[in-house]
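Q: Take a look at this one; I'll ask things after.
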Amino acid sequence: MSFDVMMGLLGNGLIMTSKIFIVTLIGSLPLGVVIALARMSKFKPLSWLAQLYISILRGTPLMLQLMAIMFGPYYLFGLQMGPDWKFMACYIGFILNYAAYFAEIYRSGIQSIPQGQYEAASVLGYTRAQTFMKIVLPQVIKRILPAMGNEIITLVKDTSLAFVLGIMEMFTQAKAIAASQVSMLPYVVAALIYWVCCLVIEFILNRVEKKLDYYHD
């Protein structure tokens, strides 16, 4: 197999890896906010439910969660899912898992805002929603950005877990090429691509963090 062919196959895998990454962020970032707010709710049953969700999703392996979502409909309800179900199961599993982690990061950021800011906003006539969106949220984003960055970079590497569902993302492609060619080169190239992707994300996050420097603690 020529190097160009190998890079073409790894490129196809990278496209699938990118899809998992983007869909996970689009789904888990807003879901994490909802779960964080539920976790801090004064309505105890809702708060306990959110705590249980976070505990289960953070306390069990993502690989196991993916397999449970993939095979659960059949073993629990006898449902025969279509061939595209593995992709939906992958997206659902990643979104639910990362939303739990993001929820705790959001919660720590929200709770770090001094109570005096809420009281000042109330005096100025802001509603609770306006206070959260215009005053609290921008500061929270700045404070949680380093922790969020760590999770986002981890997500790049975690996409390789999609191999358990038979999805041909980049790691699976590299594994298949390495097995057929009896060579470590595909793994080395894949590792370099993962590294470059993480460097790009780190660069973007650093730029965002600098733009938020006007929100001083």
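Quick note: the sequence shown uses my numbering, first residue 133, plus one each step.
Ideal Cβ placement from N, Cα and C applies to all residues, glycine included.
Keep in mind that this is a model prediction, so the values were computed, not measured.
Whole angstroms are fine: how far does the CA of P193 sit from the CA of M302?
A: So the alpha carbons of these two residues sit roughly 21 Å apart.
Q: May I ask you to report which of helix, strand or coil DSSP gives M265?
A: Of the three classes helix, strand and coil, the one that applies to M265 here is helix, per DSSP.
Q: Do the segment 255 to 271 and the segment 310 to 328 touch if we need at least three Cβ pairs shorter than 8 Å?
A: Result no; under three Cβ-Cβ pairs closer than 8 Å.
Q: For the segment 210 to 294, which segments carrying the alpha helix (DSSP H) assignment without a break, of at least 4 residues, lie completely within its bounds, in sequence order?
A: Correct list: 217 to 243, 247 to 255 and 269 to 290.
Q: Alpha carbon to alpha carbon, how far is L337 from D349? Give it in angstroms, no decimals.
A: Residue placement at D349 is flagged as unreliable, the pLDDT there being 49, under the threshold of 50; the coordinate-derived value follows with that caveat. Rounded to the nearest angstrom, the two C-alpha atoms are 19 Å apart.
Q: When you compare only the Cα positions, how much space is there between Q273 and G241?
A: A small fix is needed here, since residue 273 is Ile in this sequence, not Gln. Cα to Cα, I273 sits roughly 8 Å from G241.
Q: Would you decide whether S160 is buried or exposed? Buried here means 16 or more other CB atoms lie within 10 Å of its CB.
A: Buried, because 16 or more other Cβ atoms sit within 10 Å of the Cβ of S160.
Q: Could you tell me the distance, in whole angstroms, from the CA atom of L181 to the CA atom of S150?
A: Distance between the alpha carbons of L181 and S150 is about 32 Å.
Q: Could you work out which residue in V332, E341, D216 and G248 is closest to G298 when comparing CA atoms only?
A: G298 has its Cα closest to that of D216, out of V332, E341, D216 and G248.
Q: Can you list, in chain order, the residues of its chain with a C-beta nearer than 8 Å to that of I284? Leave out the 5 residues immediately preceding and following it.
A: Same-chain partners within the cutoff: L157, I333 and L337.
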